[in-house]
Amino acid sequence: MSQYPGYPRPAPVAARGASPAYGGAPWGPPTGPRPGGYAPPGFPAPQAPRPRRRGPWGVVLGAALVLGMIGLGVLIANSLFGQASTVPYANEDYTPPPVEQPDDIPVPETYEQLDEFLYANPVNAERVASPIRCEINRVDTRTASDPELEGHFNALMGCEMTTWDRTLESAGWQLFRPPVTIYDTPIQTPCGEMPQRNAAYCAANQQLYYASDLPNQPGIEQEASNPTAMDLVMAHEFGHALQGRTGQFAAATILMQDASKEDQLLMSRRIETQADCYAGLYLASAAQSTPYTQEDFDNFLNLAEQLGSDNLTGDPDILSTHPRGEARRYWVQTGLSTTEIGKCSTYNVSDERLTN
Numbered sequence: 001m002s003q004y005p006g007y008p009r010p011a012p013v014a015a016r017g018a019s020p021a022y023g024g025a026p027w028g029p030p031t032g033p034r035p036g037g038y039a040p041p042g043f044p045a046p047q048a049p050r051p052r053r054r055g056p057w058g059v060v061l062g063a064a065l066v067l068g069m070i071g072l073g074v075l076i077a078n079s080l081f082g083q084a085s086t087v088p089y090a091n092e093d094y095t096p097p098p099v100e101q102p103d104d105i106p107v108p109e110t111y112e113q114l115d116e117f118l119y120a121n122p123v124n125a126e127r128v129a130s131p132i133r134c135e136i137n138r139v140d141t142r143t144a145s146d147p148e149l150e151g152h153f154n155a156l157m158g159c160e161m162t163t164w165d166r167t168l169e170s171a172g173w174q175l176f177r178p179p180v181t182i183y184d185t186p187i188q189t190p191c192g193e194m195p196q197r198n199a200a201y202c203a204a205n206q207q208l209y210y211a212s213d214l215p216n217q218p219g220i221e222q223e224a225s226n227p228t229a230m231d232l233v234m235a236h237e238f239g240h241a242l243q244g245r246t247g248q249f250a251a252a253t254i255l256m257q258d259a260s261k262e263d264q265l266l267m268s269r270r271i272e273t274q275a276d277c278y279a280g281l282y283l284a285s286a287a288q289s290t291p292y293t294q295e296d297f298d299n300f301l302n303l304a305e306q307l308g309s310d311n312l313t314g315d316p317d318i319l320s321t322h323p324r325g326e327a328r329r330y331w332v333q334t335g336l337s338t339t340e341i342g343k344c345s346t347y348n349v350s351d352e353r354l355t356n
């Protein structure tokens, strides 16, 4: 029987196809070799965050988990932009599918399968397609209309599918293109009410949500003035959709059911940092064609720092549902520095500095 250090034996696993009663964590202040041999020349390897003294635990996760992304980080080398124009695109014969109703997210049926989904997932042996062709218009997310935002982010989902769809299929998983709903007042979803200044993934219906006033989140106004800033946000939310479609989200949530508050919060941060890393994989994949510039990626880094749980709350020692800025920078940079999906497996990381 598989053992789960730090977590109690999970409750009986629901049958595959069961509808989960969870979704994702709000964006607002936290409650608690590439194809063709290409690799980004000179892309820096991330450095572990500096050690911190341990601090108080935040508020424990509720029964309805809505995955959002407050806090993140990115760094990319100049040489990625200087030489990438000679690299042929991957998946040029791929056409992103339309939005369609997905089947239920995979749920482990046995303890052994839970262990596999979380710690030895088949997707970890794969690489993302990179670079991919993603030609979408930039929009000023501070002033764009709801239809303009919806068009932009739904086009971004098509680019995400180009990066990820065949990769997940190779690993034995099925990916569906999620729709993005834009809202300007709080709305009800199967995962509960989505507040303003928020972006989230809801696992109950496998859809993404974006509040049009998110760029007004206190502390990120300068970073949000860059037209590409919110692409980072939605790449993170798509990362949660990937977790859902690969069984990792359900497996992690099951382990949290009877865990201590401390371990619930730690697992939540592992979920969030993996989505950060997945966002980095996508952003590097799309950098050549979108295009993303060095200025864009420097801005992503600044945005990440500002959205860390420590910066949002003013508590440098907080241990919450979402990681601190330094950890988020580490994981997005990890994604940007590789095409190997397994390097984003935060559930196998023992260094707590990387998940705090």
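All letters in the sequence shown, in the order written, are residues 1 to 356 by full-length UniProt numbering.
The C-beta atom is built at its ideal place from N, Cα and C for all residues, glycine as well.
In terms of Cβ geometry, A129 and N154 do not form a close pair [threshold 8 Å].
Counted as a single uninterrupted DSSP element, the beta strand (DSSP E) harbouring I182 occupies residues 180–183.
For N124 and A327, the gap between their C-alpha atoms comes out near 21 Å. Residues of the same chain with a CB within less than 7 Å of the CB of L156, apart from the 5 flanking positions on each side, are I136, D231, M234 in chain order. Under the three-pair Cβ rule at 8 Å, the stretch 113–122 counts as touching the stretch 340–348. Around the beta carbon of N216, a 10 Å sphere encloses fewer than 16 other beta carbons of the protein chains shown; the residue is thus reported as exposed.
Between R269 and H236, the gap from beta carbon to beta carbon reaches 8 Å or more.
Per DSSP, the beta bridge partners of I187 are M194.
Contact between Q207 and T181 is confirmed by a C-beta separation of about 6 Å, below the 8 Å threshold.
Closest option to T110, judged by alpha-carbon separation, among G172, A199, A251, T162: A251. In the three-state scheme derived from DSSP, where H, G and I count as helix and E and B as strand, Y347 is classed as helix. CA-CA distance, P108 to G151, rounds to 35 Å. The continuous beta strand (DSSP E) containing Q207 extends over residues 207–211.
By the Cβ neighbour-count rule, R177 is buried, with 16 or more other Cβ atoms within 10 Å of its own. Between the stretch 184–202 and the stretch 155–171, the count of C-beta pairs closer than 8 Å stays below three; the two stretches do not touch. Counting the other CB atoms within 10 Å of its CB gives S309 a total of 16 or more, which places it among the buried residues.
Considered as a whole, the stretch 256–304 harbours 261–286 as its complete alpha helix (DSSP H) runs of no fewer than 4 residues, in chain order.
Excluding residues up to 5 positions away in sequence, G239, L242, G335, C344 lie with their Cβ nearer than 7 Å to the Cβ of Y278 in the same chain. Y111 carries a helical assignment under DSSP once its states are collapsed to helix, strand and coil.
Of all alpha-carbon atoms in L149, R324, P96, the one lying nearest the alpha-carbon of P227 is that of L149.
Contact check for R138 and A224: beta-carbon distance about 13 Å, past the 8 Å limit, so the pair fails to qualify. Residue state for I341 is assigned as helix, using DSSP reduced to three classes. T95 counts as exposed, since fewer than 16 other C-beta atoms from the protein chains shown sit within 10 angstroms of its C-beta. Per DSSP, the beta-bridge partners of R127 are E340.
The shortest C-alpha to C-alpha distance from F300 to any of G314, S289, D315, A284 is the one to A284. Assignment of C202 by DSSP, reduced to helix, strand and coil, places it in the strand class.
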